[in-house]
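For reference, the structure discussed in these notes is given below.
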Amino acid sequence: MVLSAHQRFAKDGDLNVKASPCVGNDRGETLIEVLAAIIIIGTAIAALVGGLATTILTSSHNRERATANTLLRSYAEGVKQFSRAGYFDCTTTYVVPDTAYILPPGWTRPTNIVSPCPGGVDAGTQRVTITVESPTHARQILEIWVRRV
Amino acid sequence: MNSNCRHTAFVASRARGDRGASLVLALAVMLAMSGIIGGLVTFVTTSDRVAVNLTLKRNRQYAADGAVEQAIRAVQTDTTMNGLLGTTCPFASGHFNPAAPINGVSIRVDCAGAAVPVLDGLNRVVLERNVVFLACVDMNVACTDATAILRAKVNFPTNAAGALIGSFVQSWSVK
Chain R
1 MVLSAHQRFA KDGDLNVKAS PCVGNDRGET LIEVLAAIII IGTAIAALVG GLATTILTSS
61 HNRERATANT LLRSYAEGVK QFSRAGYFDC TTTYVVPDTA YILPPGWTRP TNIVSPCPGG
121 VDAGTQRVTI TVESPTHARQ ILEIWVRRV
Chain L
1 MNSNCRHTAF VASRARGDRG ASLVLALAVM LAMSGIIGGL VTFVTTSDRV AVNLTLKRNR
61 QYAADGAVEQ AIRAVQTDTT MNGLLGTTCP FASGHFNPAA PINGVSIRVD CAGAAVPVLD
121 GLNRVVLERN VVFLACVDMN VACTDATAIL RAKVNFPTNA AGALIGSFVQ SWSVK
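Residue numbers (the working numbering), protein chains in the order written: chain R, 1 to 149; chain L, 1 to 175.
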């Protein structure tokens, strides 16, 4: 009787499953599964890290926009209040005291420009353009109108 | 079946039972992470939408504010005094539109005279000249309390000769 190499190993007392003629050849299947698992988990972790980074950046950006919005509103009310107390015909800007609004740390003071009055005659209303600049140099602009009381 | 084969079959059956476990685990982890990523995406989208809406709302409110300021000025400079006498709004078209959009928003201001008879210091009946202004986004339809972004009631006092001497804001509500 001629024995195959596997049968010969089994006959000699080798109980290695992979080498046994009693089961199919599973050699390498676990390695493939583990590799597939590593690839799937790796992809998921990469997506998670990317998502987290995007979330942090967007959140920071949106917080900055919300702060700019609050600062713009606060400053605009300051300009309106100040112009009610002292409306100046054909002025180029209103000097708003620092106490009229809250400036968040790291932010530069907002600026305002009053639209020029044609012919040097003030119509009794003025367009004031307010600009705020964030620490990352993103700008927001708001147009308001003030009126001579 | 000899003893070697029985042992081998037992080991093989155990190996078959565990087969694919790591893949299932990986898929479960991926599912959990997908949930987390979905949550993050929702958070970012909502936060972005909130920021955009805040900006839009701010622009609309200050546009309405600016338009009403201009409308008040237009009433002050009106010579017909119709609005002040509580009849019609003094603008030729019945409403006021700023010359250009403010903050990119086109605003319409409708106004109505709301003069009321009151007693003055000498116990005489005089007209208190009030005007109610309603500002809304211009859709070619008159502003109502429901559509108004800003509602203001302004008093225009006059001197003994009947000339306007200023304006007093009685109420100013923004939504």
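Glycine included, C-beta positions come from ideal geometry on N, C-alpha and C.
If we ignore side chains and look at the alpha-carbon of each, how far apart do residue i and residue j end up?
i                 : j                 : result
Val-174 (chain L) : Ile-36 (chain L)  : 39 Å
Cys-22 (chain R)  : Ile-41 (chain R)  : Because Cys-22 (chain R) carries a pLDDT of 49, less than 50, the predicted location of this residue cannot be relied on, and the following value inherits that uncertainty. Computed Cα separation, rounded: 35 Å.
Ile-107 (chain L) : Gln-70 (chain L)  : 11 Å
Pro-110 (chain R) : Leu-72 (chain R)  : 8 Å
Val-128 (chain R) : Val-149 (chain R) : 16 Å
Glu-33 (chain R)  : Glu-64 (chain R)  : 46 Å
Asp-48 (chain L)  : Ile-165 (chain L) : 47 Å
Ala-163 (chain L) : Ala-142 (chain L) : 30 Å
Tyr-75 (chain R)  : Gly-119 (chain R) : 29 Å
Arg-139 (chain R) : Ala-115 (chain L) : 45 Å
Thr-125 (chain R) : Asn-59 (chain L)  : 19 Å
Ile-144 (chain R) : Ala-63 (chain L)  : 7 Å
Gly-38 (chain L)  : Ala-67 (chain L)  : 43 Å
Thr-58 (chain R)  : Ala-148 (chain L) : 33 Å
Gly-94 (chain L)  : Thr-54 (chain R)  : 51 Å
Arg-150 (chain R) : Ser-34 (chain L)  : Nothing in the structure corresponds to residue 150 (chain R), since chain R is present only between 1 and 149.
Leu-150 (chain L) : Ser-171 (chain L) : 10 Å
Val-50 (chain L)  : Gly-51 (chain R)  : 19 Å
Ala-44 (chain R)  : Ser-60 (chain R)  : 24 Å
Ile-141 (chain R) : Tyr-94 (chain R)  : 16 Å
Ala-100 (chain L) : Cys-136 (chain L) : 15 Å
Ile-72 (chain L)  : Ile-56 (chain R)  : 46 Å
Pro-117 (chain L) : Ala-160 (chain L) : 16 Å
Ala-85 (chain R)  : Asn-112 (chain R) : 17 Å
Val-17 (chain R)  : Thr-46 (chain L)  : With a pLDDT of only 46 at Val-17 (chain R), under 50, the local geometry of the prediction cannot be trusted, and no value is derived from it.
Ala-66 (chain R)  : Leu-27 (chain L)  : 39 Å
Asn-140 (chain L) : Leu-56 (chain L)  : 20 Å
Let me confirm a value: residue i is counted as buried when at least 16 other C-beta atoms fall within 10 Å, else exposed. Which label applies?
i                 : result
Val-44 (chain L)  : buried
Phe-168 (chain L) : exposed
Asn-62 (chain R)  : buried
Arg-147 (chain R) : buried
Pro-116 (chain R) : exposed
Asp-145 (chain L) : exposed
Val-49 (chain R)  : exposed
Asn-103 (chain L) : buried
Ala-46 (chain R)  : exposed
Ser-83 (chain R)  : buried
Ala-68 (chain R)  : buried
Val-41 (chain L)  : exposed
Pro-104 (chain R) : exposed
Ile-130 (chain R) : buried
Gly-121 (chain L) : exposed
What does residue i reach in chain L if we use C-beta pairs closer than 9 Å?
i                : result
Ser-59 (chain R) : Phe-43, Val-44, Ser-47
Gly-78 (chain R) : Going along chain L, no residue has its Cβ under 9 Å from Gly-78 (chain R), so there is no contact; the nearest lies around 13 Å.
Whose Cβ in chain L lies nearer than 8 Å to the Cβ of residue i?
i                 : result
Arg-73 (chain R)  : Arg-58
Ile-102 (chain R) : Within chain L, no residue comes near Ile-102 (chain R); the closest Cβ sits about 17 Å away, beyond 8 Å.
Val-149 (chain R) : Gly-166, Ser-167
List the residues of chain B whose Cβ lies closer than 8 Å to the Cβ of residue i, in chain order.
i                : result
Thr-99 (chain R) : No chain B is part of this structure, whose protein chains are labelled R and L.
Name the residue from the options whose alpha carbon lies nearest to the alpha carbon of residue i.
i                 : options                                    : result
Phe-91 (chain L)  : L:Asn-103, L:Pro-101, L:Val-75             : L:Val-75
Ala-152 (chain L) : L:Gly-113, L:Gly-20, L:Met-30, L:Gly-39    : L:Gly-113
Thr-158 (chain L) : L:Ser-171, L:Cys-136, L:Leu-150, L:Glu-128 : L:Glu-128
Glu-29 (chain R)  : L:Met-33, L:Thr-42, L:Gly-20               : L:Gly-20
Lys-80 (chain R)  : R:Thr-43, R:Val-49, R:Ala-100, R:Leu-48    : R:Ala-100
Thr-70 (chain R)  : R:Gly-106, R:Arg-27, R:Ile-102, R:Val-121  : R:Ile-102
Phe-156 (chain L) : L:Leu-27, L:Val-50, L:Ala-26, L:Thr-77     : L:Thr-77
Val-154 (chain L) : L:Val-118, L:Asn-140, L:Val-131            : L:Val-131
Thr-108 (chain R) : R:His-137, R:Ala-36, R:Val-121             : R:His-137
Cys-111 (chain L) : L:Asn-140, L:Phe-133, L:Leu-119            : L:Phe-133
Leu-31 (chain R)  : L:Pro-98, L:Ser-22, L:Val-109, L:Val-126   : L:Ser-22
Across which residues does DSSP place residue i in a beta bridge pair?
i                 : result
Thr-125 (chain R) : R:Arg-147
Asp-110 (chain L) : L:His-95, L:Leu-134
Pro-117 (chain L) : L:Leu-127
Ser-74 (chain R)  : Per DSSP, none; premise fails for Ser-74 (chain R).
Leu-150 (chain L) : L:Ala-135, L:Val-174
Thr-158 (chain L) : L:Leu-164
Leu-56 (chain L)  : According to DSSP, Leu-56 (chain L) bridges with nothing at all.
At 8 Å on the CB atoms, spell out the chain R contacts of residue i, in chain order.
i                 : result
Leu-134 (chain L) : Here the premise fails: no neighbours, minimum Cβ distance about 17 Å.
Arg-73 (chain L)  : Ala-123, Gly-124, Thr-125, Arg-147, Arg-148
Val-29 (chain L)  : Ile-40, Ile-41, Ala-44
Ile-37 (chain L)  : Ala-47, Leu-48, Gly-51
Are there any heavy atoms of the ligand FAD lying less than 6 Å away from the beta-carbon of residue i, as far as the coordinates show?
i                 : result
Val-125 (chain L) : This structure does not include the ligand FAD; it has no bound ligands of any sort.
So which residues on chain R does residue i lean against when the C-beta distance must stay under 7 Å?
i                 : result
Thr-144 (chain L) : Within chain R, no residue comes near Thr-144 (chain L); the closest Cβ sits about 23 Å away, beyond 7 Å.
List, in order along the chain, the chain L residues whose C-beta lies closer than 7 Å to that of residue i?
i                : result
Asn-69 (chain R) : Leu-54, Thr-55, Arg-58
Give the interface partners of residue i over in chain R, defined as CB-CB distance under 9 Å, in chain order.
i                : result
Asn-97 (chain L) : Correct list: empty, because the minimum Cβ distance to chain R is about 14 Å.
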